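In this note's numbering, the protein residues as written are 8 to 408. C-beta: ideal position from N, C-alpha, C; glycine also. As the structure is a prediction and not an experimental result, all values here were calculated from the model.
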């Protein structure tokens with residue numbers, strides 16, 4: 008129980024959270040990749056709108072895995088090793104494969120609707136979107152092994168997986184999924200040969216999902232995880248497509264300002280980290296009886312909240328420096344204006360995501376549901392949308408030039 012955030016001082020929590028968030032700075036490389044390959048995103052309008060949809064969706068499934076693992080490790084229902092683990096562990100992996108396919112298909116369907124309404128999508132492009140989404144999400148399954156390893160190692164070392172795992176994996180996921188997406192788009196626009204390889208990748212996960220789904224069909228924990236998560240995924244699919252549409256609005260406003268594209272994945276990832284730390288530590292405390300299921304108990308969670316916010320604000324300032332330097336745009340005036348935009352974005356985003364995440368933790372626990380199936384998936388998609396809206400609002404209020 009010494010790993011639980013509630014038993015630690017604010018200073019120790021701030022140090023641990025800052026360490027975990029430090030990996031979030033790597034998200035800038037995902038953005039720099041997008042800024043460097045803007046040409047491929049110009050080939051079709053939907054490619055740009057689909058980008059936050061994919062990194063959000065992968066963050067949701069990855070967040071589900073990290074949240075469930077963290078709580079299970081604290082409760083002792085999962086052991087910190089790959090082999091000879093509990094049935095709970097292997098059931099979670101099986102559910103993750105099925106949910107990856109289900110999420111891919113769900114966000115594809117919503118993307119088709121949003122695409123026709125807002126992205127200028129034509130019917131001819133429908134199959135391409137489904138293929139690109141399923142192939143990218145399928146490749147993202149490889150990240151699960153890294154997530155599991157980080158959870159096990161952090162738990163063995165005495166760190167709190169609730170604080171460490173998701174912030175680290177959120178960044179790794181953004182970089183990896185961005186690289187996968189650029190690779191998949193390259194294959195897709197390459198022609199028939201490229202599309203053939205994408206079909207092979209997609210087919211492998213479809214068959215794997217069918218196999219583990221049929222094998223675990225009568226497992227109560229498996230069915231419960233799928234049912235609860237699917238409801239969440241439908242909601243998430245809707246939310247992330249709104250995020251994609253907002254990003255198109257940001258692109259229209261900033262045009263080719265590379266410092267914005269460079270920093271964007273890191274910003275939404277960092278706010279997602281805040282929600283993850285606040286939500287994941289809250290769900291663990293609720294499960295262990297260290298927190299009462301009422302909104303007034305937020306006072307007993309204040310150290311975790313303030314440390315999560317303080318660390319994120321510090322990282323936003325560092326991100327402003329890095330983005331301007333990487334794009335050769337650094338000057339005192341540009342730094343001041345950029346930090347002003349990001350500070351306002353941070354305040355709006357953190358306030359909203361903390362209130363939302365804590366509320367979801369309490370409500371789902373009261374309803375007898377597993378908060379880990381809801382908190383991180385919902386907060387992750389909301390974090391992306393909230394940060395995107397906050398960034399657009401801050402840009403409109405302050406501007407960059």
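- Is residue 56 helix, strand or coil when you go by DSSP? Locating residue 56 in the chain shown gives position 49, where the first residue counts as 1. Here residue 56 sits in helix by DSSP.
- Message: Which residue marks the beginning of the alpha helix (DSSP H) containing residue 251, and which one marks its end?
- Response: Locating residue 251 in the chain shown gives position 244, counting from the first residue. Looking at the DSSP string, the run of the alpha helix (DSSP H) that includes residue 251 is 227 to 261.
- Item | Nearest neighbour of residue 161, chosen from 234, 26, 253 and 133 [CA to CA] | For the purposes of this step, residue 161 is identified with residue 154 of the chain shown, where counting begins at 1. Comparing Cα-Cα distances from residue 161 to each of 234, 26, 253 and 133, the minimum goes to 26.
- Item | For residue 345, three-class secondary structure by DSSP | Walking along the chain shown from the start, residue 345 turns up at place 338. Helix, per DSSP.
- Run through DSSP, which three-state label would residue 405 get? Sequence index remark: in the chain shown, residue 405 carries index 398 (1-based). Helix, per DSSP.
- Query: Count the other CB atoms within 10 Å of the CB of residue 168; is the residue buried (16 or more) or exposed (fewer)?
  - Reply: In the chain shown, counting from the first residue as 1, residue 168 sits at position 161. Under this definition residue 168 is a buried residue.
- Runs of alpha helix (DSSP H) wholly within the segment 119 to 178 (minimum 4 residues, chain order): 133 to 147 and 150 to 163
- Which residue's Cα is closest to the Cα of residue 368: 289, 28 and 56? As a position in the chain shown, residue 368 is number 361, starting the count at 1. If we check each option's Cα against that of residue 368, 289 comes out closest.
- Query: Relative to the alpha-carbon of residue 404, which residue among 388, 349 and 387 has its alpha-carbon at the smallest distance?
  - Reply: Residue numbering aside, residue 404 sits at position 397 when the chain shown is read from its first letter. Considering only alpha carbons, the answer is 349.
- Message: Please give the ranges of any alpha helix (DSSP H) in the segment 25 to 78, keeping only runs that are unbroken, at least 4 residues long and fully inside the region.
- Response: 34 to 43 and 45 to 48
- Task: Identify, in the order they occur along the chain, each residue of the same chain with its Cβ nearer than 7 angstroms to the Cβ of residue 492, setting aside the five sequence neighbours on each side.
- Result: Here the chain covers residues 8 to 408 and nothing more, so residue 492 does not appear.
- Mark residue 8 as exposed unless 16 or more other C-beta atoms lie within 10 angstroms of its C-beta, in which case mark it buried. Looking up residue 8 in the chain shown gives position 1. Residue placement at residue 8 is flagged as unreliable, the pLDDT there being 42, under the threshold of 50; the coordinate-derived value follows with that caveat. Exposed, since its Cβ has fewer than 16 Cβ neighbours within 10 Å.
- Query: By how many angstroms is the C-alpha of residue 47 removed from the C-alpha of residue 192?
  - Reply: Position 185 of the chain shown, counted from the first residue, corresponds to residue 192. Position 40 of the chain shown, counted from the first residue, corresponds to residue 47. If you take the alpha carbons of residue 192 and residue 47, they lie about 8 angstroms apart.
- Task: Note down the Cα distance separating residue 412 from residue 328, rounded to an integer number of angstroms.
- Result: Nothing can be reported for residue 412, as the shown portion of the chain is limited to 8 through 408.
- Item | Reference residue 108; option with closest CA among 387, 44, 262 and 68 | For the purposes of this step, residue 108 is taken as the residue at position 101 of the chain shown. That would be 68, whose Cα lies nearest to the Cα of residue 108.
- Message: Taking the alpha carbon of residue 320 as the reference point, which residue from 65, 294 and 353 has its own alpha carbon closest?
- Response: On the chain shown, residue 320 is found 313 positions in, with the first residue counted as 1. With distances taken between Cα atoms, residue 320 lies closest to 353.
- Using the beta-carbon count (16 or more within 10 Å), is residue 258 buried or exposed? Locating residue 258 in the chain shown gives position 251, where the first residue counts as 1. Residue 258 is buried by the Cβ-count criterion.
- For residue 16, three-class secondary structure by DSSP: Position 9 of the chain shown, counted from the start, is the residue given in the question as residue 16. DSSP places residue 16 in coil when its eight states are reduced to three.
- With a CB to CB cut of under 8 angstroms and the five nearest residues on each side skipped, what residues in its chain are close to residue 176? What you label residue 176 is simply residue 169 of the chain shown in a count that begins at 1. Result list for residue 176: 69, 73, 150, 153, 154 and 157, in chain order.
- Query: Given that a residue counts as buried once 16 or more other Cβ atoms are within 10 Å of its Cβ, and exposed if not, what is residue 120?
  - Reply: On the chain shown, residue 120 is found 113 positions in, with the first residue counted as 1. When all chains shown are included, residue 120 counts as exposed.
- Check residue 314 in the structure and name its three-state DSSP category. The residue given as residue 314 occupies position 307 in the chain shown. Residue 314: helix per DSSP, three-state reduction.
- Classify residue 377 as helix, strand or coil using the three-state DSSP reduction. Here the question's residue 377 lines up with position 370 in the chain shown. Three-state result, residue 377: coil.
- In three-state terms, what does DSSP make of residue 301? As a first step, residue 301 must be located in the chain shown, where it is residue number 294. Note: residue 301 maps to coil in three-state DSSP.
- Measuring alpha carbon to alpha carbon, tell me which of 271, 374, 355 and 80 ends up nearest residue 401. Taking the chain shown and counting its residues from 1, one reaches residue 401 at position 394. When each option's Cα is compared against that of residue 401, the closest is 355.
- Have a look at residue 237 and residue 106 and give me their C-alpha separation to the nearest angstrom. By one-based count along the chain shown, residue 237 stands at place 230. By one-based count along the chain shown, residue 106 stands at place 99. One C-alpha to the other measures close to 7 angstroms.
- Task: Could you tell me whether the segment 28 to 44 touches the segment 266 to 286, using the rule of 3 or more Cβ pairs below 8 angstroms?
- Result: yes
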